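**Student:** Quick one: structure below, then a few questions.
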Amino acid sequence: MCYKKSMVNSIIVYFSYHRGNTSKIAHVIGRELNSDIARTKDATLKNLKQYDLIGLGSGIYNGKPHKSILELVDKLDESFKDKYFFIFCTSRKNQDCYLDELEMKLKSKGVKYLGRFQTFGEYDRGIFKFFGGINRGRPNIEDFQNAALFARKLKEMVENEKLENS
Ligand SMILES: Cc1cc2nc3c(=O)[nH]c(=O)nc-3n(C[C@H](O)[C@H](O)[C@H](O)COP(=O)(O)O)c2cc1C
1 MCYKKSMVNS IIVYFSYHRG NTSKIAHVIG RELNSDIART KDATLKNLKQ
51 YDLIGLGSGI YNGKPHKSIL ELVDKLDESF KDKYFFIFCT SRKNQDCYLD
101 ELEMKLKSKG VKYLGRFQTF GEYDRGIFKF FGGINRGRPN IEDFQNAALF
151 ARKLKEMVEN EKLENS
């Protein structure tokens, strides 16, 4: 669950249940940022307040991130305004709009929003189960490399801003 701390104190909170696709991305980003990592069911606002940088990730289920992520954002209070946030997801179709609602909710809370990462994830429900699933092997090595690159950029952005303000 824990990785070594870096200059940026960060946590990733995620929901992943179908194939563990989002969990894989959460751990790649977490390794890059030396973040703590928690599932939504274990995350509390009190705990999140300890962190400067918070990543929220989910698989996409019926066009949206899981409600536990959306509900967590609904609960954020004023004390999160000085925190940095980013979001990520995996999905079958990787549509641009999937994270729009989550992004809008976060922005409406006035937090320091850094950006989003999304990629394909395996899916084997419905008709696809007869063909061994779709997007097999996703997220793959290239997806992991892209996720790691995204994480390095986040770290750079936060560290630069912290230095400027110090
Ligand atoms: C119940 C259910 C609904 C889903 N709905 C969508 C959807 O609307 N659009 C999409 O692109 N993928 C959809 N998917 C596919 C998942 O988003 C994809 O497999 C994702 O990587 C799952 O993440 P997880 O393994 O971390 O749970 C759905 C999957 C499940 C199980």
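Sequential numbering of the sequence shown, starting at 1, is according to our numbering.
A virtual CB, placed ideally from N, CA and C, is assigned to each residue, including glycine.
Every value quoted in this text rests on a predicted model; they were computed, and no experiment measured them.
(1) In whole angstroms, what is the alpha-carbon distance linking A26 and G57?
(2) Using only the alpha-carbon positions, how far apart do A151 and I29 sit?
(3) Please report the distance separating the alpha-carbon of K4 from that of A38.
(4) Using the C-alpha atoms, what's the distance from N165 back to K64?
(5) Say yes only if the C-beta of Q118 is nearer than 7 angstroms to one or more non-hydrogen atoms of ligand 1, and no if none qualify.
(6) Does the distance from the C-beta atom of V13 to that of T40 stay below 8 angstroms?
(7) Please determine, among G115, K107 and V111, the residue with the shortest C-alpha to C-alpha distance to D96.
(8) Classify G59: buried if its beta carbon has 16 or more other beta carbons within 10 angstroms, exposed otherwise.
(9) Per the DSSP calculation, S91 is bridged to which residue(s)?
(10) Please determine whether the Cβ atom of T22 lies at a distance below 7 angstroms from any heavy atom of ligand 1.
(11) Return the chain-ordered ranges of every alpha helix (DSSP H) run that is complete within the segment 51–117 and spans a minimum of 4 residues.
(12) Can you list, in chain order, the residues of its chain whose CB lies under 6 angstroms from that of L76, leaving out five sequence neighbours each side?
(13) May I have the straight-line CA-CA distance separating G121 from V158, to the nearest angstrom?
(14) Report buried or exposed for I87, applying the criterion of at least 16 other Cβ atoms within 10 angstroms of its Cβ.
(15) On a Cα-Cα basis, can you pick out the residue from N135, F117 and T119 that is closest to R125?
(16) Based on Cα-Cα distance, which residue from M104, S68, N62 and T22 lies nearest to T44?
(17) Give every residue of the same chain whose Cβ lies closer than 8 angstroms to the Cβ of Y51, excluding the five residues on either side of it in the sequence, and list them in chain order.
**Tutor:** Put simply:
(1) On the sequence shown, residue 26 is found 26 positions in, with the first residue counted as 1. On the sequence shown, residue 57 is found 57 positions in, with the first residue counted as 1. Their backbone Cα atoms lie some 7 angstroms apart in a straight line.
(2) As a position in the sequence shown, residue 151 is number 151, starting the count at 1. As a position in the sequence shown, residue 29 is number 29, starting the count at 1. Cα-Cα distance, rounded: 6 angstroms.
(3) For the purposes of this step, residue 4 is identified with residue 4 of the sequence shown, where counting begins at 1. For the purposes of this step, residue 38 is identified with residue 38 of the sequence shown, where counting begins at 1. With a pLDDT of 44 at K4, under the threshold of 50, the modelled position of that residue is not reliable, and no figure is offered here.
(4) Along the sequence shown, one-based indexing puts residue 64 at 64. Along the sequence shown, one-based indexing puts residue 165 at 165. Rounded to whole angstroms, K64 to N165 spans 36 angstroms at the Cα level.
(5) In the sequence shown, the residue the question calls residue 118 occupies position 118. Relative to ligand 1, the beta carbon of Q118 is positioned no closer than 7 angstroms to any heavy atom.
(6) For the purposes of this step, residue 13 is taken as the residue at position 13 of the sequence shown. For the purposes of this step, residue 40 is taken as the residue at position 40 of the sequence shown. Against a cut-off of 8 angstroms, the Cβ pair of T40 and V13 comes out as a contact.
(7) In the sequence shown, the residue the question calls residue 96 occupies position 96. Comparing Cα positions, the closest option is G115.
(8) Within the sequence shown, numbered from 1, the residue matching residue 59 stands at position 59. G59 should be labelled buried.
(9) To locate residue 91, count along the sequence shown from 1; it is residue 91. S91 has F120 as its beta-bridge partners, per DSSP.
(10) Residue numbering aside, residue 22 sits at position 22 when the sequence shown is read from its first letter. Yes, Cβ of T22 sits closer than 7 angstroms to a heavy atom of ligand 1.
(11) Runs found: 67–74 and 100–108.
(12) If you number the sequence shown from 1, residue 76 lands on position 76. A distance below 6 angstroms between beta-carbons, with the five flanking residues on each side excluded, links L76 to the following residues of its chain, in chain order: K109.
(13) Residue mapping note: residue 121 aligns to position 121 of the sequence shown, counting from 1. Residue mapping note: residue 158 aligns to position 158 of the sequence shown, counting from 1. So the two alpha carbons sit approximately 28 angstroms from each other.
(14) Taking the first residue of the sequence shown as position 1, residue 87 is located at position 87. So I87 ends up on the buried side.
(15) Here residue 125 is taken as the residue at index 125 of the sequence shown, counted from 1. The residue with the shortest Cα to Cα distance from R125 is N135.
(16) Within the sequence shown, the letter at position 44 stands for residue 44. Comparing Cα positions, the closest option is S68.
(17) For the purposes of this step, residue 51 is taken as residue 51 along the sequence shown, with counting starting at 1. Around Y51: N9, S10, I11, D36 and K83.
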